[in-house]
Amino acid sequence: MSPAEAAIRIEELTRELNEYNYQYYVLANPSVSDYDFDQKLKELEALEQQFPQFLDPDSPTQQVGGDITQRFKTVRHRWSMLSLGNTYSEQELRDFDERVRKAIGNDFEYVCELKFDGLSISITYENGILKQAVTRGDGTQGDEVTTNVRTIRSIPNRLKNNGYPDLFEIRGEIFMHRPAFQRLNNERIENSEMAYANPRNFAAGTIKLQDSAEVARRPLDCFLYFLYSDNRNKLFKNHWDSLQAIKKWGFHVCEHTLLCRSIDEVLAFITKWEEQRLSLSYDIDGIVIKVNDYGQQEELGFTAKSPRWAISYKYKAEQVETVFQSVSYQVGRTGAVTPVANLKPVLLAGTTVKRASLHNANEIIRLDLHEGDTVYVEKGGEIIPKVMGVNFLKRVAGAQPIIYPSTCPQCSTLLVRKEGEAVHYCPNDEGCPPQIVGRMQHFISRKAMDIEGMGHETIDTFFKQGLLRNITDIYTLKDKQDVLVRLERFGQKSIDNMLAGIEKSKEKPFEKVLFALGIRYVGETIAKKLAAHFKNIDALASASKEEIESVHEIGERIAESVNEYFAEEVHHSQIELLKRHGLQLALIVDETEHLSDNLLGKTFVISGVFEQFSREELTALIEGHGGKLLSSISGKLDYLVAGDKMGPSKLAKAEKLGIPIISEQDLLQLVANTD
Ligand code: IVH
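Numbering (our numbering), first residue to last: 792 to 1466.
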């Protein structure tokens, strides 16, 4: 390769790798397999060695990636968080073993560990108490996420037994078990919230949440795998002994860790887990091999980026080739159009795969997908497999590219795509059949109106029969019994049961009805927040975008969507009809709850997790005594009621403004004192 060609290739690889790094670390949404990433990085490294004149100090080969965001305090690591060298073949691993032998001789052991596919964390303990937890960031400094990490049940806030150093740092991997991921992600999909692609992204997204109460609701776990302290070498001879001690102090250490005496034992461990990895409840992407003895680790030392005494062996994600047959465009209840590839059935990781996700129009362009292409399909922690790429060598001559449709495949309306969004929507929400049916199915679902005796298929049949056109028609079914009895498979008993279920749904509280309306981005939690704040649908319907946004944790995207919903006349007439049918479109205010005027004129903000009362109870207490709740901290605020795990930025703001910070006990005192 000539220097000129090398310069062009180096520039190209640098640009690609930087983009991959950004997608991996910042968006937590990798667009390339680890294998492909490492191949490109290796190619760049080799070129930079051959042509050092083109080595850029900011080259991806000189960095370890970064995930620092703006919202958390940035903290320097006491011991930098290095990454590990990767190997992909037996030969590369034997080369590593050879290098180790050359440096320290033949008398040593390896500790083999699973390589957990999560996000790494460094936790500091002082005198047995958890003091600080920091993400890896760029390896030198990371985000301080202590409050969120404290909510993880398998990470002790206070250590057990004794014998631990006064001050130490422990490293580990935070992750989510696959069954929990699937359950929570399904809930998100049901609530039309953004779904995560895999458990690692879910865990990464969770640890970066500002609301630690929400973190606490999501079941994260953490395996710890490394100890740092100034006096570590006095306490333990080797890594293995430190792991045994860590376990005794109350940390979660993976039980599959193994002490090996030769590289062949290491290779047997690798093969065993390559076969059995799917039987684990969490994702692993390889094996980590560490020289056990601390003295020998020191002898081996470090390169600029990683230790010479450890390496990882990465499994290739299970990938198969198959023929792509067609694309189905599914239209969801919110009008989002999702392309799904139909494939020639193929066996992958123990199941037959017929369909794979294509995400959106950009993805189809990125893949450069053509009719009849042979594609690579991969399965990670995802629910449905992904099309990773096209085998261009097998492209059929003259094959036409796949063009994303410009109109809705169900109702032919021109599709729209908002600026900055990847997803296309069909805007014909009142006339597009899958949207109408999907909305009604959502309305009756368990978490919404929970109508007994009515299922998804009932809605489908009734829609086809012309009995239902929108959610309000559900409440007119009782007047159409003569038609109902004539339908196949509908006996009088099931009709009675269904009508009773419909009547009963009228008792559902406002927040459920609001969720049931199916406003885009208004999931269960958001509906609860909006209902508690606005108290009735009319107040919400007439609220400005800014007013909606001022509600705790409601962002611009949600506020905009609520506004758009109420901008449509048809929704107002539907709501009027629902009111007439007797549905709860306002909170039921119990007059007896007015307890006193002791807090009259006082304003409060509630934040954090409380021991004795729930947030709703505290709200009722404050309002019952005449106090008012505000959505954000400002100079106008009288009190901040602070629980555990509240965001550090809020606390700092209140302190800066000199606002009294009170506990739930103080609040009770306040109510009683003024009596
Ligand atoms: S040891 C210097 N052990 O893999 C020691 N890392 O590429 C470095 N990882 O950033 C870490 N499982 O996030 C170690 N059993 C394990 C691991 C592990 C997963 C991750 C970790 C690290 C990356 C290294």
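Backbone N, C-alpha and C define an ideal beta-carbon position, used for all residues, glycine too. Quantities reported herein were computed from a predicted structural model and do not represent experimental measurements.
For LYS864, no alpha helix (DSSP H) segment is defined, and its DSSP state is neither H nor E. When DSSP states are grouped into helix, strand and coil, GLU1298 belongs to the helix group. Counting along the chain, the unbroken alpha helix (DSSP H) around PHE887 starts and ends at 881-895. When C-alpha distances from LYS1028 are compared across LEU1069, SER1285, THR1062, GLU1089, the shortest belongs to GLU1089. Its Cα nearest to that of LEU1376, the residue LYS1303 stands out among LYS1145, LYS1303, PRO1098, ASN992. Per the DSSP secondary-structure output, THR1252 pairs with nothing in a beta bridge. Note that the C-beta distance between LYS1025 and VAL902 is not below 9 angstroms.
If you draw a straight line from the Cα of GLU1243 to the Cα of ASN1288, it comes to about 7 angstroms. Looking from the CA of CYS1013, the closest CA among SER911, ALA988, GLN932 belongs to SER911. By the C-beta density criterion, GLY1189 is exposed, having fewer than 16 other C-beta atoms within 10 angstroms. As the crow flies, the alpha-carbon of LEU1268 is around 15 angstroms from that of GLY1282. Within a 10 Å sphere around the beta-carbon of LYS1284 sit fewer than 16 other beta-carbons, which makes this residue exposed. PRO1136 sits in a strand when the DSSP states are folded into three classes. Contact check for ILE1293 and ILE1265: beta-carbon distance about 6 angstroms, within the 8 angstroms limit, so the pair qualifies. ASP1002 and ARG927 have their alpha carbons spaced roughly 20 angstroms apart.
The segment 987-1002 makes contact with the segment 910-925, as at least three CB pairs between them are under 8 angstroms. MET1179 sits close to SER824, with the two beta carbons spaced by under 9 angstroms. Sixteen is the threshold: since fewer than 16 other Cβ atoms of the shown chains lie within 10 Å of the Cβ of ILE1194, the residue is exposed. Between LEU875 and ALA1101, the CB-CB gap stays under 9 angstroms. If you look at ALA1433, you'll find it in the beta strand (DSSP E) that goes 1430-1433. Around the CB of ILE1379, fewer than 16 other CB atoms lie within 10 Å, so the residue is classed as exposed.
Within 10 angstroms of the beta-carbon of SER1103 lie 16 or more other beta-carbons, which makes it buried.
When only Cα atoms are considered, SER1440 and GLU1340 end up about 19 angstroms apart. Rounded to whole angstroms, SER880 and PHE1093 show a C-alpha spacing of 22 angstroms.
Taking all protein chains in view, the Cβ of ASN1182 is surrounded by fewer than 16 other Cβ atoms within 10 Å, so the residue is classified as exposed.
Of the heavy atoms belonging to the ligand IVH, at least one sits nearer than 8 angstroms to the Cβ of TYR1016. Proximity of the beta carbon of LYS906 to the ligand IVH is indicated: a heavy atom of the ligand is located closer than 8 angstroms. Note on the segment 1379-1465: whole beta strand (DSSP E) runs with a minimum of 3 residues are 1394-1398, 1430-1433, in chain order. Proximity to LYS1145 across LYS864, SER1117, ARG800, CYS1045 peaks at SER1117, based on C-alpha coordinates. Under DSSP, GLU935 shares a beta bridge with VAL925. Of the residues assessed, TRP1064 falls on the buried side of the cut-off, its CB having 16 or more other CB atoms within 10 angstroms.
GLY1257 has its CB no nearer than 8 angstroms to any heavy atom of the ligand IVH. For THR1062, there is no enclosing beta strand (DSSP E); the enclosing alpha helix (DSSP H) covers residues 1054-1067. Shortest gap from the CB of PRO1192 to any heavy atom of the ligand IVH: 8 angstroms or more. From the listed residues GLU1351, GLU1066, GLU1315, PHE1357, the smallest Cα separation to SER1333 is found for PHE1357. Beta-bridge pairing by DSSP links GLY963 to ILE912, LEU1015.
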